[in-house]
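Written below as structure tokens is the structure these notes are about.
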Amino acid sequence: MKNNFLQRSALGLFLAFSITLAQAQIQTPQPSPAATISQAVGLGKVTVEYSRPALKGRTMFGTQVPYGKVWRTGANKITNLILSDEMLVNGQKVAAGTYGLFTIPNQNEWTIILSKDANIWGAYTYKPENDVLRFNVKAQKLAKPEEYFTIEFTDFTASETAVAIRWENVQAKFSIKHDSEAKILAEIQEKTTASDANIGTLSAAANYYYDTNRDLKKAYEWATKVVEQDQKYWTYYLRGKIAAKIGQCDVAVADAQKGLKLAQEAGDDAYILNHQKLLKQCGK
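Under mature numbering (1 follows the signal peptide of the UniProt record, and there is no 0), read the sequence shown as residues -24 to -1, 1 to 260, first letter to last.
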């Protein structure tokens, strides 16, 4: 009986202490907060998940982050690079998947490493045999110091971006490209030749050919079909800009004049300006 009483008393004290301890805990900001960035690239998406430590008056590269040693590229868990599709990383094919983004900083260049190990803490258990890709990039000096470790997308185009790694006064960056052109062209061929091809499909195809300087005569044919089915100020502008680009300014001027009138009636300032520029381009 006495033992049971003592056991219950000890249990009660333990629970009371646990509750008091839980209540005493104070939530404060994480010293290296988590961050996630995503960017559509071509028809795919690139995501980076990482933690953001701060300098706090410290010198990092060459001291806290030693030169020539594998680094987790941030803090806490290894930074992850996530590719939705097969992409070209620094010009080399990498399959869709989640990769650990390790780096080896040096004074003049960094080694970038994509690893199968995407769930480890730090770089303590890094294994070279699990590398998927390894390459070197130039270490660039920043004009303004970066207090918090930062990864962001730069140098963006429709099919390519750069991943820039910045901290202290250093930047290292590498390119990622989604080569979706073959897929886009195959889809255009399939959908524009279908019996149910609508003006949305034809407009998208014409715009893509115009933007990428492809077969502009084919783009003009698609745009003409669009105008024949729907006489709007934006359809006139579509055909007009293509006509001007292939030297058919008579068609471009006629379309711009019709489109300008409709845009003015609709009060669409953007297309009013577009048609005015088209007229000016053709000397009107």
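Quick reminder that beta carbons are idealized off the backbone N, C-alpha and C, glycines included.
In terms of Cβ geometry, L192 and K221 form a close pair [threshold 8 Å]. By the criterion of a C-beta distance shorter than 8 Å, W210 is surrounded in its chain by G235 and Y247, once the five residues flanking it on both sides are discounted. Counting the other Cβ atoms within 10 Å of the Cβ of W97 gives fewer than 16, which makes it exposed. Straight-line spacing of the CA atoms in M36 and R28 works out to 13 Å.
The beta carbon of L255 sits closer than 6 Å to those of A232, all from its chain and outside the five residues before and after it, given in chain order. A Cβ-Cβ separation of about 15 Å leaves T12 out of contact with I141 under the 8 Å criterion. Spatial neighbours of I175 in its own chain (CB-CB distance under 8 Å, excluding positions within 5 residues in sequence) are listed in chain order as K201, V202, Q205, D206 and T211. Inclusion of N112 and W143 in the CB contact set at 8 Å is not warranted, their separation being larger than that value. Judged by DSSP secondary structure, G176 falls outside any beta strand (DSSP E) and instead within the alpha helix (DSSP H) spanning I175 to D187.
If you check the CB distance, A51 and S8 come in under 8 Å.
A buried status is given to G20, since no fewer than 16 other beta-carbon atoms sit within 10 Å of its beta-carbon. Taking C-alpha positions only, P121 is separated from Y186 by approximately 42 Å. Bridge partners of D107 according to DSSP: S91. Ranked by Cα distance from G67, the options N82, T137, N84 and L57 are led by T137. For Q224, the secondary structure class from DSSP, reduced to helix, strand or coil, is coil.
The beta carbon of G76 sits closer than 6 Å to those of I54, S91, D93 and A94, all from its chain and outside the five residues before and after it, given in chain order. Exposure of K69 is indicated by the presence of fewer than 16 other C-beta atoms within 10 angstroms of its C-beta.
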